[in-house]
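>
Protein chains: 2
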Amino acid sequence: MSVRAEGTAVEPLRFEDGALLVLDQLALPAEERWIRCETVEQVADCIRTLAVRGAPAIGLAAAYALALAEDRASAAELLRSTRPTAVNLAWALEQCRDALDPVQVARRLHSEQRDADRRLSALGADLFGDGTRALTHCNTGALATGGYGTACGVLRAAWERGRLAEVWVGETRPLLQGARLTAWELRQAGIPHRVVADSAAGSLMAQGRVDRVVVGADRIAANGDVANKVGTYPLAVLADRHGVPFYVAAPVSTIDAATPDGSAIPIEERDPGEIVAEGEAFNPAFDVTPAELVTAIVTEAGVLEPPYPDSIARVLAA
Amino acid sequence: MSVRAEGTAVEPLRFEDGALLVLDQLALPAEERWIRCETVEQVADCIRTLAVRGAPAIGLAAAYALALAEDRASAAELLRSTRPTAVNLAWALEQCRDALDPVQVARRLHSEQRDADRRLSALGADLFGDGTRALTHCNTGALATGGYGTACGVLRAAWERGRLAEVWVGETRPLLQGARLTAWELRQAGIPHRVVADSAAGSLMAQGRVDRVVVGADRIAANGDVANKVGTYPLAVLADRHGVPFYVAAPVSTIDAATPDGSAIPIEERDPGEIVAEGEAFNPAFDVTPAELVTAIVTEAGVLEPPYPDSIARVLAA
Numbered sequence: 003m004s005v006r007a008e009g010t011a012v013e014p015l016r017f018e019d020g021a022l023l024v025l026d027q028l029a030l031p032a033e034e035r036w037i038r039c040e041t042v043e044q045v046a047d048c049i050r051t052l053a054v055r056g057a058p059a060i061g062l063a064a065a066y067a068l069a070l071a072e073d074r075a076s077a078a079e080l081l082r083s084t085r086p087t088a089v090n091l092a093w094a095l096e097q098c099r100d101a102l103d104p105v106q107v108a109r110r111l112h113s114e115q116r117d118a119d120r121r122l123s124a125l126g127a128d129l130f131g132d133g134t135r136a137l138t139h140c141n142t143g144a145l146a147t148g149g150y151g152t153a154c155g156v157l158r159a160a161w162e163r164g165r166l167a168e169v170w171v172g173e174t175r176p177l178l179q180g181a182r183l184t185a186w187e188l189r190q191a192g193i194p195h196r197v198v199a200d201s202a203a204g205s206l207m208a209q210g211r212v213d214r215v216v217v218g219a220d221r222i223a224a225n226g227d228v229a230n231k232v233g234t235y236p237l238a239v240l241a242d243r244h245g246v247p248f249y250v251a252a253p254v255s256t257i258d259a260a261t262p263d264g265s266a267i268p269i270e271e272r273d274p275g276e277i278v279a280e281g282e283a284f285n286p287a288f289d290v291t292p293a294e295l296v297t298a299i300v301t302e303a304g305v306l307e308p309p310y311p312d313s314i315a316r317v318l319a320a
Numbered sequence: 003m004s005v006r007a008e009g010t011a012v013e014p015l016r017f018e019d020g021a022l023l024v025l026d027q028l029a030l031p032a033e034e035r036w037i038r039c040e041t042v043e044q045v046a047d048c049i050r051t052l053a054v055r056g057a058p059a060i061g062l063a064a065a066y067a068l069a070l071a072e073d074r075a076s077a078a079e080l081l082r083s084t085r086p087t088a089v090n091l092a093w094a095l096e097q098c099r100d101a102l103d104p105v106q107v108a109r110r111l112h113s114e115q116r117d118a119d120r121r122l123s124a125l126g127a128d129l130f131g132d133g134t135r136a137l138t139h140c141n142t143g144a145l146a147t148g149g150y151g152t153a154c155g156v157l158r159a160a161w162e163r164g165r166l167a168e169v170w171v172g173e174t175r176p177l178l179q180g181a182r183l184t185a186w187e188l189r190q191a192g193i194p195h196r197v198v199a200d201s202a203a204g205s206l207m208a209q210g211r212v213d214r215v216v217v218g219a220d221r222i223a224a225n226g227d228v229a230n231k232v233g234t235y236p237l238a239v240l241a242d243r244h245g246v247p248f249y250v251a252a253p254v255s256t257i258d259a260a261t262p263d264g265s266a267i268p269i270e271e272r273d274p275g276e277i278v279a280e281g282e283a284f285n286p287a288f289d290v291t292p293a294e295l296v297t298a299i300v301t302e303a304g305v306l307e308p309p310y311p312d313s314i315a316r317v318l319a320a
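Have a look at this one:
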């Protein structure tokens with residue numbers, strides 16, 4: 003089965019014949035393997051193990067999963083518990099809660115995500131000058147959203163307009179979403195890129211070899227603090243030191259008005275075994291970048307600029 | 003054959019029966035395997051592949067290798083070319099150049115390294131308050147120096163004095179010297195530690211969970227700029243932002259008076275295959291931390307403080 007559903011975009015999820023098909027992102031890029039989920043528990047496992055990951059994509063997976071549920075309230079509780087940081091999961095479940103047909107709602111959310119990705123990607127590309135060398139982290143492409151991508155979507159849109167020279171891809175330890183997934187998506191799109199150790203971003207910026215940092219988000223607080231894959235915060239600090247614009251690209255659904263600031267965002271701790279085979283390790287999956295380090299938040303409803311409490315409040319009210 | 007030559011310290015090198023025995027650090031910690039080198043080329047291979055690594059240890063390996071050489075000038079040239087960043091390699095070769103018996107000189111350098119490590123470790127431990135939670139990067143222990151260790155030596159000395167609560171060990175991508183080697187050494191010394199992804203250092207510092215950063219050095223320029231394992235510079239920038247003291251621990255032989263500043267330090271680029279199995283990657287092995295971010299440089303001749311051109315000049319003149 004091909005993973006390219008429309009044009010060159012990969013599709014992480016498909017709902018067919020009463021089952022949710024999940025493209026196993028743990029097996030990528032070595033193998034394109036689909037996991038057929040016929041129960042909510044199977045989808046929850048896929049989310050927990052990161053077979054499907056990326057804040058928008060796990061929201062969609064959870065929405066589709068409700069269609070497999072006998073007891074929708076229990077199912078929603080199980081799904082919400084799989085990963086605590088990304089707000090999209092709770093948001094998507096909320097959208098489907100009272101739906102007569104969850105699949106119909108999930109398909110609508112999926113379609114809206116594609117539209118949002120396209121719009122925010124175009125808005126983000128407007129921020130790129132000619133010959134931009136961008137650095138990104140983790141995976142925020144079609145695999146992560148079910149659409150065109152967020153930060154990766156911005157890179158694709160900039161590339162299509164001839165404004166992108168090259169992408170530095172942070173490998174993204176411990177699970178290498180950058181080296182495995184982003185490099186794979188960029189290769190398919192024909193975008194020049196080089197993978198680097200996450201810790202090489204510092205010297206690249208010090209040498210003036212990075213013009214823009216573009217990342218996604220798992221939750222944006224009302225004050226503009228951003229939770230994203232661990233390693234994002236060091237990139238923001240380095241970008242600040244070197245005067246490199248630091249952009250967060252995310253749909254409005256990633257903004258959580260109920261979270262006042264970053265200190266209120268629960269940070270998932272994952273299995274130390276993802277870091278070391280034996281011995282002691284500490285494995286936080288996300289970190290928080292304070293709003294003061296974020297040059298702009300690129301959403302489908304516009305490019306939000308500081309002061310964020312105001313620009314965020316405006317977009318949520320619209 | 004045991005790797006513990008004296009007390010609990012591991013020994014990365016032994017010269018016995020006319021051959022240099024190199025503890026294969028690529029096989030650690032899974033296997034304690036020794037490589038028997040009877041030619042200069044074999045030692046050069048061990049240095050190039052990182053079977054032996056760490057600035058002081060590769061200096062000692064090169065010094066011992068001269069004893070295996072028929073043409074000492076060619077041998078020195080070959081050995082010097084293996085790794086360009088660490089100045090200790092050239093320094094140790096220079097010490098042996100005109101020796102009647104290179105082994106005797108190498109053994110003296112080895113013994114002096116042990117003494118220097120002990121002294122600088124004690125001086126570094128003086129900088130620790132009670133209950134210090136320290137973060138380190140790469141491996142700077144006995145494996146890296148042939149002695150007690152530099153940054154790791156400081157940690158051991160602080161632990162022996164009861165001042166160290168815990169060590170955060172950056173795994174050190176791509177070759178995981180932190181996760182493989184430092185964690186192994188700390189475990190043997192009974193020092194509590196947890197391995198983290200390199201990019202987790204940012205949130206640890208933001209949460210106030212790091213009291214000191216202590217790293218080694220591959221070359222220190224006359225102005226105090228420090229070349230060390232890639233990822234050191236981001237740690238220094240983060241430490242600066244969070245008011246965490248950032249210490250560099252290294253013997254005086256790591257200071258290169260002939261290198262005016264960091265821009266003159268050649269940065270080794272290693273095989274992209276260390277980062278990705280296929281596809282494009284960029285793999286600088288080191289980065290440069292500017293002197294302004296270094297709280298102190300801990301040497302066997304004293305703790306050097308800013309302004310470095312002055313404190314470094316004084317220690318070199320002594």
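Chains as they are written, first to last, in our numbering: chain A, 3 to 320; chain B, 3 to 320.
Cβ coordinates follow ideal geometry from the N, Cα and C atoms, glycine included.
In chain order, what residues of the same chain lie with their CB nearer than 6 Å to the CB of B:S123, ignoring the 5 residues before and after it?
Counting from 1 along the second sequence, the entry for residue 123 of chain B is found at position 121. Cβ within range, chain order: Y150, G155, V156 and A159.
> Okay, do the stretch 48–62 of chain A and the stretch 23–37 of chain A touch, 3+ Cβ pairs below 8 Å being the bar?
Yes: at least three Cβ pairs fall under 8 Å.
> Suppose you measure from the CA of B:G20 to the CA of B:P104; what does that come to, to the nearest Å?
Position 18 of the second sequence, counting from 1, holds the residue named residue 20 of chain B. Position 102 of the second sequence, counting from 1, holds the residue named residue 104 of chain B. Cα-Cα distance, rounded: 12 Å.
> What span of residues does the alpha helix (DSSP H) with A:I49 cover, start to end?
Locating residue 49 of chain A in the first sequence gives position 47, counting from the first residue. Looking at the DSSP string, the run of the alpha helix (DSSP H) that includes A:I49 is V42 to T51.
> Please check if any C-beta of chain B sits within less than 8 Å of the C-beta of A:A185.
Translated into positions along the first sequence, residue 185 of chain A becomes position 183. Judged by the 8 Å Cβ criterion, A:A185 is in contact with chain B.
> Do the stretch 130–140 of chain A and the stretch 96–110 of chain A meet, that is, are 3 or more Cβ pairs less than 8 Å apart?
No contact exists between the stretch 130–140 of chain A and the stretch 96–110 of chain A.
> B:P292: which of B:E276, B:R272, B:A219 and B:G304 sits nearest, CA to CA?
Start at 1 with the first residue of the second sequence, and residue 292 of chain B comes out as number 290. The residue with the shortest Cα to Cα distance from B:P292 is B:A219.
> With 8 Å set as the bound, which would you pick, yes or no: does the beta-carbon of B:G233 sit closer than that to a beta-carbon of chain A?
Along the second sequence, one-based indexing puts residue 233 of chain B at 231. It does; some Cβ of chain A falls within 8 Å.
> Between B:D289 and chain A, is there a C-beta pair that is closer than 8 Å?
Against the second sequence, residue 289 of chain B aligns to sequence position 287. Yes, contact with chain A.
> Is it right to say A:D273 is buried, meaning 16 or more other beta carbons lie within 10 angstroms of its own, or is it exposed?
As a first step, residue 273 of chain A is located in the first sequence; it is residue number 271 there, counting from the start. Exposed is the call here.
> So which residues on chain A does B:P176 lean against when the C-beta distance must stay under 9 Å?
Within the second sequence, residue 176 of chain B is the residue found at index 174, counting from 1. Here the neighbours are E173 and A199.
> Short of 6 Å in beta carbon distance, which residues of its chain neighbour A:D213, apart from the five on each side in sequence? Order them along the chain.
Position 211 of the first sequence, counted from the start, is the residue given in the question as residue 213 of chain A. Excluding sequence neighbours, A:D213 sits near T134 and R135.
> Give the interface partners of A:V300 over in chain B, defined as CB-CB distance under 7 Å, in chain order.
Counted from its first residue, the first sequence places residue 300 of chain A at position 298. Within 7 Å Cβ-Cβ: nothing; A:V300 doesn't reach chain B, min ~22 Å.
> Leaving aside the five residues before and after A:T41 along the sequence, list all residues of the same chain whose C-beta is less than 8 Å from its C-beta, in chain order.
Numbered from its first residue, the first sequence carries residue 41 of chain A at position 39. Cβ within range, chain order: L70.
> How many angstroms separate the CA atom of A:E282 from the CA atom of B:A229?
Locating residue 282 of chain A in the first sequence gives position 280, counting from the first residue. Locating residue 229 of chain B in the second sequence gives position 227, counting from the first residue. Distance between the alpha carbons of A:E282 and B:A229 is about 29 Å.
> Is the CB of A:A181 under 8 Å away from at least one CB in chain B?
Reading the first sequence from its first residue, position 179 is the one you call residue 181 of chain A. Taking Cβ atoms only, chain B reaches closer than 8 Å to A:A181, which makes this a yes.
> Answer yes or no: does any C-beta atom of chain A fall closer than 8 Å to that of B:E34?
For the purposes of this step, residue 34 of chain B is identified with residue 32 of the second sequence, where counting begins at 1. By this cut-off, B:E34 is not an interface position.
> Does the separation of the CB atoms of B:V217 and B:V198 fall below 8 Å?
As a first step, residue 217 of chain B must be located in the second sequence, where it is residue number 215. As a first step, residue 198 of chain B must be located in the second sequence, where it is residue number 196. Not in contact: B:V217 and B:V198 (Cβ atoms no closer than 8 Å).
> Measuring CB to CB, does A:G2 end up less than 8 Å from B:P262?
Coverage of chain A is limited to positions 3 through 320, which leaves residue 2 of chain A absent and any answer about it impossible.
> Within 10 Å of its beta-carbon, does B:L15 have 16 or more other beta-carbons around it, so buried, or fewer, so exposed?
Within the second sequence, the letter at position 13 stands for residue 15 of chain B. Its Cβ being crowded by 16 or more others within 10 Å, B:L15 is buried.
> Identify every residue that forms a DSSP beta bridge with B:L306.
Within the second sequence, the letter at position 304 stands for residue 306 of chain B. DSSP, once it has assigned bridges, lists B:I299 as partnering B:L306.
> Could you name the residues that DSSP lists as bridge partners for B:F288?
Mapped onto the second sequence, residue 288 of chain B falls at position 286. The partner list for B:F288 (beta bridge, DSSP) reads B:K231.
> Beta-carbon within less than 7 Å of A:T301's beta-carbon, same chain only, minus the 5 sequence neighbours each way: which residues are those?
Translated into positions along the first sequence, residue 301 of chain A becomes position 299. The residues are L122, A252, P253, V254 and V317.
> Check this for me: beta carbons of B:A59 and B:L91, under 8 Å apart or not?
One-based indexing of the second sequence puts residue 59 of chain B at position 57. One-based indexing of the second sequence puts residue 91 of chain B at position 89. No, they are not a contact pair.
> Exposed or buried, B:S265, counting other C-beta atoms within 10 Å across all chains shown (16 or more means buried)?
Position 263 of the second sequence, counted from the first residue, corresponds to residue 265 of chain B. The residue in question, B:S265, is exposed, as its Cβ has fewer than 16 Cβ neighbours within 10 Å.
> Cβ of A:L240 within 8 Å of Cβ of A:M207?
The residue given as residue 240 of chain A occupies position 238 in the first sequence. The residue given as residue 207 of chain A occupies position 205 in the first sequence. Yes, Cβ-Cβ distance for A:L240 and A:M207 is below 8 Å.
> Chain A partners of B:L240, CB-CB under 7 Å?
As a first step, residue 240 of chain B must be located in the second sequence, where it is residue number 238. Simply P236 and V239.
> Would B:R6 be called buried (16 or more neighbouring beta carbons within 10 Å of its own) or exposed?
The residue labelled residue 6 of chain B in the question sits at position 4 within the second sequence. Any answer about B:R6 is weak, because its pLDDT of 48 lies below 50 and its placement is not dependable; what the coordinates show is given next. Exposed.
> Taking only the alpha-carbon atoms, compute the straight-line gap between B:F17 and B:Q115 and give it to the nearest angstrom.
Position 15 of the second sequence, counting from 1, holds the residue named residue 17 of chain B. Position 113 of the second sequence, counting from 1, holds the residue named residue 115 of chain B. The alpha-carbon atoms of B:F17 and B:Q115 are separated by roughly 16 Å.
> Is any beta-carbon of chain A found at less than 8 Å from that of B:A260?
Position 258 of the second sequence, counted from the start, is the residue given in the question as residue 260 of chain B. Not an interface residue.
> Excluding sequence positions up to five away, which residues of its chain have a Cβ less than 7 Å from the Cβ of B:A29?
Position 27 of the second sequence holds residue 29 of chain B. These residues qualify, in order along the chain: R35.
> Just reading off the alpha helix (DSSP H) that B:I60 is part of, what are its end residues?
What you label residue 60 of chain B is simply residue 58 of the second sequence in a count that begins at 1. Segment A57 to L68, the alpha helix (DSSP H) holding B:I60.
> Beta-carbon separation of B:T87 and B:E270 under 8 Å?
The count along the second sequence starts at 1 and reaches residue 87 of chain B at position 85. The count along the second sequence starts at 1 and reaches residue 270 of chain B at position 268. Cβ atoms of B:T87 and B:E270: closer than 8 Å.
> Entirely within the stretch 230–288 of chain B and at least 4 residues each: give me those alpha helix (DSSP H) ranges in chain order.
Taking only runs of at least 4 residues, the alpha helix (DSSP H) segments lying wholly in the stretch 230–288 of chain B are 234–244.
> Could you spell out the range, first to last residue, of the alpha helix (DSSP H) harbouring B:G204?
Residue numbering aside, residue 204 of chain B sits at position 202 when the second sequence is read from its first letter. Its alpha helix (DSSP H) spans residues A203 to A208.
> Any beta carbon of chain B sitting closer than 8 Å to that of A:G9?
Against the first sequence, residue 9 of chain A aligns to sequence position 7. For A:G9, the predicted model reports a pLDDT of 46, less than 50, meaning its position is unreliable and no value from the coordinates is stated.
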